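S.K.:
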Amino acid sequence: MPEATVGEYMVRNVHTVSPDMTVEQVRQEIINSNFHGFPITEKGYLLGFVTAKELLRHIDKPNAKIRTVMKRGTLCAIPSMSTDDATRILFRYGLRNLPVVDDDKKLVGIISNIDIVRSQIEKSRPGKVMSVKNFLEQQNSIRLKVVNKEIPVDEIIPTQKEVYMDELIGRQYELKRGLNEPLIVVDRREGYLLVDGHHRIMAAKKLGMKEFKAIVLVPNDYDTKIGLEKTAERWGLHTLDDVKIIEGSKHPFMEITTMLLPSEEADGINQRLMDSVKDEEPAAPKRSRKKSS
Numbered sequence: 049m050p051e052a053t054v055g056e057y058m059v060r061n062v063h064t065v066s067p068d069m070t071v072e073q074v075r076q077e078i079i080n081s082n083f084h085g086f087p088i089t090e091k092g093y094l095l096g097f098v099t100a101k102e103l104l105r106h107i108d109k110p111n112a113k114i115r116t117v118m119k120r121g122t123l124c125a126i127p128s129m130s131t132d133d134a135t136r137i138l139f140r141y142g143l144r145n146l147p148v149v150d151d152d153k154k155l156v157g158i159i160s161n162i163d164i165v166r167s168q169i170e171k172s173r174p175g176k177v178m179s180v181k182n183f184l185e186q187q188n189s190i191r192l193k194v195v196n197k198e199i200p201v202d203e204i205i206p207t208q209k210e211v212y213m214d215e216l217i218g219r220q221y222e223l224k225r226g227l228n229e230p231l232i233v234v235d236r237r238e239g240y241l242l243v244d245g246h247h248r249i250m251a252a253k254k255l256g257m258k259e260f261k262a263i264v265l266v267p268n269d270y271d272t273k274i275g276l277e278k279t280a281e282r283w284g285l286h287t288l289d290d291v292k293i294i295e296g297s298k299h300p301f302m303e304i305t306t307m308l309l310p311s312e313e314a315d316g317i318n319q320r321l322m323d324s325v326k327d328e329e330p331a332a333p334k335r336s337r338k339k340s341s
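Reminder that position 239 of the sequence shown reads as 287 in this note's numbering, one-by-one numbering, no gaps.
#1: According to DSSP, what are the bridge partners of Ser130?
#2: Count the other C-beta atoms from every protein chain shown that fall within 10 angstroms of the C-beta of Gly284, then say buried if there are 16 or more, exposed otherwise.
#3: If I measure Cβ to Cβ from Phe260 and keep anything under 7 Å in the same chain, skipping five residues before and after, which residues do I get?
#4: Using CA coordinates, which residue listed in Met58, Ser160 and Ile205 is at the minimum distance from His286?
#5: Taking only the alpha-carbon atoms, compute the straight-line gap between Asp150 and Leu192 and give it to the nearest angstrom.
#6: Give the single residue among Val177, Met69, Ile107 and Ser167 whose Cα lies nearest to the Cα of Arg115.
#7: Distance check for Val243 and His106, CA to CA, integer angstroms please.
#8: Does Glu210 come out as helix, strand or coil in the three-state DSSP assignment?
#9: Pull up the distance between the alpha-carbon of Phe83 and that of Gly55, whole angstroms please.
#10: Is the segment 209–222 in contact with the segment 183–190, if contact means three or more CB pairs nearer than 8 Å?
#11: Quick one: Cα of Thr64 to Cα of Lys119, how far?
#12: Candidates Val165, Val117 and Pro110: which alpha carbon is nearest Arg136's?
#13: Is Thr122 helix, strand or coil by DSSP?
#14: Alpha carbon to alpha carbon, how far is Asp152 from Lys91? Give it in angstroms, no decimals.
#15: Could you tell me if Phe139 is buried or exposed, where buried requires 16 or more neighbouring beta carbons within 10 angstroms of its beta carbon?
#16: May I have the straight-line CA-CA distance separating Glu102 from Pro147, to the nearest angstrom?
#17: Opposite Leu227 in the DSSP bridges: which residues?
#18: Go ahead and label Lys181 buried or exposed: buried means 16 or more other beta carbons lie within 10 angstroms of its beta carbon, across all protein chains shown.
#19: When the Cα of Val194 is compared with those of Glu210, Gly175 and Tyr212, which residue comes out closest?
#20: Let me make sure I understand the geometry here. Which of Gly256, Arg237, Gly157 and Val264 has the alpha-carbon closest to that of Gly245?
#21: Can you name, in chain order, every residue of its own chain whose Cβ lies under 6 Å from the Cβ of Val117, other than the five neighbours on each side?
#22: Could you round the C-beta distance between Ile162 and Gly226 to whole angstroms and report it? I think they count as a contact, below 8 Å.
#23: Just to confirm, is the Cβ distance from Ile78 to Ala100 under 8 Å?
#24: So with Cβ pairs under 8 Å, would you call Lys193 a contact of chain B?
#25: Is it right to say Thr272 is buried, meaning 16 or more other beta carbons lie within 10 angstroms of its own, or is it exposed?
What follows is the structure, given as structure tokens:
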């Protein structure tokens, strides 16, 4: 299997700043965006990369041109570099983003930590698909062919009764950032039976997406009703509108791996720590009083 490359996963439409912009102008650009820094380009050529941290060093010079305060050059990648090598650079130097340049050193894209995560998820997906495929074939005495394509959201048949609102919000954030992990579905005459990806597709539906990437398992026999299909019918699941969204309760995975610290609890912890510091302070020596004669 060929290695995934930076060119496959990089973002091509990159927000850049000019070296002739001032420190204050770039500061406002960062404040008004979702980014922590920008590539600095001139006539398409990459000159450097400015971060919020670097701007803080020059916050007392708001009218200074970026050209006069920026660091010359920056770490960068090329489209043919493997995502594994890009991961090493991001990790070793503690970077969020890595500009991508062509042979002429012109900026052609940018790859971020989220793009790397997406590449790793998609790399591990074939093993999961084959496990699902083999299981369904053995359980239902059918043969399945694997096809990759985009499918209509309104033709998806769920097999899960409920999803969690907190997880939906997280999935919406991922989708907006391009983390679009394919669904696993089985092709049926009435639509596509959803095997894996209920939170993903419900988040996509809430975002108004009409199509979604999917790995479609196409059976050699459409007349054989598989177990998941029977379950969906028993629960009255025909469209995504039949799935219940649970609010005020965390997804089980989030319940055991995350903790929300309310302000009153934080205040209580802070007070206990302050009290413990006072207890550890050495007592002031007592002054001896002279007895009056």
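Built from N, CA and C at the ideal position, the CB exists for glycine as well.
Since the model is a prediction, treat every value here as computed from it, not as a measurement.
M.R.: So, from the listed chains and residues:
#1: According to DSSP, which records beta bridges pairwise, Ser130 is partnered with Thr53.
#2: Exposed, because fewer than 16 other Cβ atoms sit within 10 Å of the Cβ of Gly284.
#3: Once the five neighbours on either side are set aside, the close Cβ partners of Phe260 are Glu198, Ile199, Val201, Leu231, Ile249 and Ala252.
#4: When only C-alpha atoms are compared, the closest one is Ile205.
#5: Rounded to whole angstroms, Asp150 to Leu192 spans 42 Å at the Cα level.
#6: Restricting attention to Val177, Met69, Ile107 and Ser167, the CA atom closest to the CA of Arg115 is found in Met69.
#7: Each residue's Cα considered, the two are about 53 Å apart.
#8: In the structure shown, Glu210 falls within a strand segment according to DSSP collapsed to helix, strand and coil.
#9: When rounded, the distance between both Cα atoms is 21 Å.
#10: The segment 209–222 is not in contact with the segment 183–190.
#11: In this structure, the CA atom of Thr64 is about 16 Å from the CA atom of Lys119.
#12: Nearest C-alpha to Arg136: Val165.
#13: The answer is coil: DSSP assigns Thr122 none of H, G, I, E or B.
#14: Roughly 12 Å separates the two Cα atoms.
#15: Exposed, by the Cβ-count rule.
#16: Rounded to the nearest angstrom, the two C-alpha atoms are 17 Å apart.
#17: When beta bridges are read from the DSSP output, Leu227 appears opposite no residue.
#18: With 16 or more Cβ atoms within 10 Å of its Cβ, Lys181 is classed as buried.
#19: For Val194, the nearest C-alpha among the options comes from Gly175.
#20: The shortest C-alpha separation from Gly245 is found at Val264.
#21: Same-chain partners within the cutoff: His106.
#22: Yes, Ile162 and Gly226 are in contact; Cβ-Cβ is about 7 Å, under 8 Å.
#23: Yes, the pair counts as a contact, with Cβ atoms nearer than the cut-off.
#24: The question asks about chain B, but that chain is absent: this structure has only one protein chain.
#25: Looking at its Cβ environment, which holds fewer than 16 other Cβ atoms inside 10 Å, Thr272 is exposed.
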